[in-house]
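Numbering (the UniProt record's numbering), first residue to last: 1 to 156.
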């Protein structure tokens with residue numbers, strides 16, 4: 001049923017649990033796991049970065065570096081589990097890019113993490129995962145991650 005699975009990761013607390021589920025599901029199904037990190041264009045284009053003179057400085061470079069580490073972690077977990085994995089580091093608007101990449105790859109399932117946020121936060125900003133669920137035309141597995149008041153993952 002699931003031959004190609006996309007895990008969207010931001011390298012954060014909620015993504016860690018979602019990655020665990022995606023790897024386990026891909027192993028059960030002998031599926032290819034596609035790991036995606038989106039470098040958020042809004043996060044780095046909002047800042048002019050006038051003091052940065054080197055291409056290896058500034059917000060975009062930092063986000064790319066963070067994405068490379070997050071994808072390397074997923075790749076390591078997949079290789080440890082004997083899975084086929086493809087990593088994708090893409091620039092764009094996160095929720096739209098996740099859906100677009102899933103469509104381009106023709107995946108059977110999308111996996112994304114979510115953690116509880118204060119109501120005021122959700123009302124103002126929402127979440128990437130919520131937007132992906134609304135936009136997607138294919139199944140989306142949302143993996144909830146319990147967190148404490150400091151935002152740290154609570155291990156059940």
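Even for Gly, the Cβ is constructed at its ideal location relative to N, Cα and C.
For residue 95, same chain residues with a beta-carbon under 7 Å away, outside a window of 5 residues either side, are 128, 131, 132 and 135 in chain order.
If you look at residue 14, you'll find it in the alpha helix (DSSP H) that goes 13–29.
When secondary structure is reduced to three states using DSSP, residue 108 falls in the coil class, being assigned neither helix nor strand.
The way I'd put it, the segment 61–81 does touch the segment 30–40; three or more beta-carbon pairs between them come closer than 8 Å.
Taking the CA atoms as reference points, residue 1 sits about 19 Å from residue 18. The residues 111, 141 and 143, in chain order, have a CB closer than 8 Å to that of residue 21 in the same chain once the five nearest residues on each side in sequence are set aside. In this structure, DSSP gives residue 64 a helical state, which the three-state scheme calls helix. A straight line joining the alpha-carbon of residue 77 with that of residue 145 spans about 19 Å. If you look at residue 33, you'll find it in the beta strand (DSSP E) that goes 32–40. For residue 133, the enclosing alpha helix (DSSP H) starts and ends at 128–135. When only Cα atoms are considered, residue 66 and residue 80 end up about 21 Å apart.
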